[in-house]
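Residue numbers (the working numbering), protein chains in the order written: chain F, 1 to 115; chain S, 116 to 230. We put the beta carbon where it would ideally sit given N, CA and C, even for glycine.
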């Protein structure tokens, strides 16, 4: 059984387009995250939601908009894609973030290539 | 502020030999510390964590790590490396007193185990 799943796995698109990445977790976790991993494998938090509420919003361009329809899903919508958005995007989840000591479970990643 | 340093981009070790992947951290309070592993084209997998208690933490796949507060280190170790341990390893830290603070990841260390 897949714990954290993301679709699509690969996404190739032109500059200026709008695209979405979907994430679902079946672990019953309260908290979900989006990370960006660049070409040098550096991993940076973008957003975090706890029970559908945004709790962390790092300095990410407002072209990126997360949406959490329920606590098992956290989608990422990106408007007006730019070349610099090319990266691997990881979704993750954990039990309640408040404790701060819970490990995160990562999805397989979505490789976004902007041409 | 919180930060984590992995001073080695790559660690090479022969199969059967012990391995160490280094990590040092900086927090204003007390840390929660984590190690994750990333295999090629996969998401990160949790290995182990230090929250409180024993300084020596044991985790998945025979890995362990020792929390050293005076040296602000949390090095990952394994007594006998396997070729299948070859992967990218990330250390991560969260400052306990920071509430909803983010998890900060190091830049990663590539471990290569030769047959």
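Span of the beta strand (DSSP E), counted from its first residue to its last, around residue i
i, result
"residue 70(F)", "64–70"
"residue 85(F)", "Careful: residue 85(F) lies outside any beta strand (DSSP E) and carries neither H nor E."
"residue 181(S)", "179–183"
"residue 7(F)", "4–7"
"residue 46(F)", "43–50"
"residue 12(F)", "10–13"
"residue 20(F)", "19–25"
"residue 57(F)", "53–57"
"residue 187(S)", "Element bounds for residue 187(S): n/a, residue is neither H nor E."
"residue 33(F)", "31–37"
"residue 125(S)", "125–129"
"residue 173(S)", "171–173"
Residue from the options whose Cα sits closest to the Cα of residue i
i, options, result
"residue 178(S)", "167(S), 195(S) and 186(S)", "195(S)"
"residue 23(F)", "101(F), 92(F) and 111(F)", "92(F)"
"residue 80(F)", "8(F), 20(F) and 10(F)", "20(F)"
"residue 107(F)", "120(S), 203(S), 161(S) and 129(S)", "161(S)"
"residue 229(S)", "129(S), 185(S), 176(S) and 142(S)", "129(S)"
"residue 116(S)", "153(S), 212(S), 206(S) and 171(S)", "212(S)"
"residue 48(F)", "61(F), 112(F), 105(F) and 66(F)", "66(F)"
"residue 133(S)", "218(S), 158(S), 206(S) and 198(S)", "198(S)"
"residue 149(S)", "155(S), 137(S) and 157(S)", "137(S)"
"residue 169(S)", "158(S), 159(S), 175(S) and 181(S)", "181(S)"
"residue 205(S)", "6(F), 44(F) and 9(F)", "44(F)"
Per-residue contacts from residue i into chain S (C-beta, under 7 Å)
i, result
"residue 57(F)", "Simply none; closest approach about 10 Å."
"residue 103(F)", "149, 161 and 164"
"residue 8(F)", "The contacting residues do not exist; residue 8(F) stays about 14 Å from chain S at best."
"residue 22(F)", "Per Cβ cutoff of 7 Å: no residues; residue 22(F) is ~15 Å from chain S at best."
Neighbour list for residue i in chain S, Cβ cutoff strictly below 9 Å
i, result
"residue 90(F)", "158 and 159"
"residue 45(F)", "217, 218, 219 and 220"
"residue 106(F)", "151, 153, 157, 158, 159, 160 and 161"
Interface residues of chain F facing residue i [CB-CB closer than 7 Å]
i, result
"residue 69(S)", "Here chain S has residues from 116 to 230 only, and residue 69(S) is not among them."
"residue 203(S)", "41"
Listed by chain order, chain F residues near residue i by CB distance under 8 Å
i, result
"residue 227(S)", "Chain F residues near residue 227(S): none, gap ~15 Å exceeds 8 Å."
Checklist entry - Mind pulling the beta strand (DSSP E) runs of 3 or more residues that sit fully within the stretch 133–166 of chain S? => result Secondary structure in the stretch 133–166 of chain S: the beta strand (DSSP E) runs of 3 residues or longer, each lying completely within the stretch, are 134–136, 139–141, 146–153 and 159–165 in chain order.
Next on the checklist: Quick test of the definition: if touching needs 3 or more C-beta pairs under 8 Å, does the stretch 58–74 of chain F touch the stretch 120–131 of chain S?
Outcome noted: no
Next on the checklist: Going residue by residue through the stretch 194–227 of chain S, where are the continuous beta strand (DSSP E) segments of at least 3 residues, counting only ones entirely within it?
Outcome noted: 202–210
Next on the checklist: Three or more C-beta pairs under 8 Å: does that hold for the stretch 179–188 of chain S against the stretch 1–11 of chain F?
Outcome noted: no
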